[in-house]
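These notes concern the structure reproduced below.
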Amino acid sequence: MKHERLKISKIVEELMNYFFYMGATEFNFNVQETEEHFRIYCQSNYKENSLKKLEKLVKLLHCTKHEELEEYYWTLTGDCDVANELSLVGMMIDEATVRYGEGEDVEITLYRYKVNKSK
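Last residue of the sequence shown: 119 (the numbering used here), numbering continuous.
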């Protein structure tokens with residue numbers, strides 16, 4: 001597929017925008033590329049009253065990947081301050097893990113495989 005690294009940067013951008021939307025004041029991203037996949041790890045804080053937004057994030061990231069649509073739709077991500085673009089992120093990734101507890105920290109790990117792999 002074309003533009004793999006650009007797609008990864010768009011995914012990171014959308015996550016960053018959403019964390020700002022959730023009231024985050026601190027976040028860290030780590031992107032790793034291997035022969036098999038890209039791994040995006042993010043750790044962030046969020047405001048206590050943003051739990052519903054966090055639950056929405058989890059739901060959107062776990063939507064089904066749609067490779068046939070992503071070549072067109074990945075360019076549509078933008079600077080909107082709502083979650084609509086996160087559904088596009090969910091369609092572009094193969095695997096998502098989101099961990100959060102009673103505190104105000106969240107950890108997200110996303111995988112985008114270079115070769116189509118089944119879940």
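We put the CB at the ideal spot given by N, CA and C, even for glycine.
This structure is a prediction, so every number in the text was calculated from the model and none was measured.
Buried or exposed by the 16-neighbour rule on C-beta atoms within 10 Å, applied to residue i
i: Asn49; result: exposed
i: Glu85; result: buried
i: Asn17; result: buried
i: Gly90; result: buried
Length of the line joining the Cα atoms of residue i and residue j
i: Tyr21; j: Asp94; result: 24 Å
i: Lys52; j: Ser44; result: 16 Å
i: Lys65; j: Tyr113; result: 11 Å
i: Leu6; j: Glu35; result: 17 Å
i: Phe123; j: Asp105; result: Past the boundaries of the shown model lies residue 123; the chain is included only from 1 to 119, so the question cannot be answered.
i: Glu4; j: Thr97; result: 21 Å
i: Glu107; j: Gly23; result: 15 Å
DSSP state of residue i mapped onto helix, strand, coil
i: Val115; result: coil
Inset, instruction - Could you say if the segment 51-65 and the segment 25-42 meet the contact criterion of at least three C-beta pairs nearer than 8 Å? - result: Contact fails: fewer than three Cβ-Cβ distances are below 8 Å.
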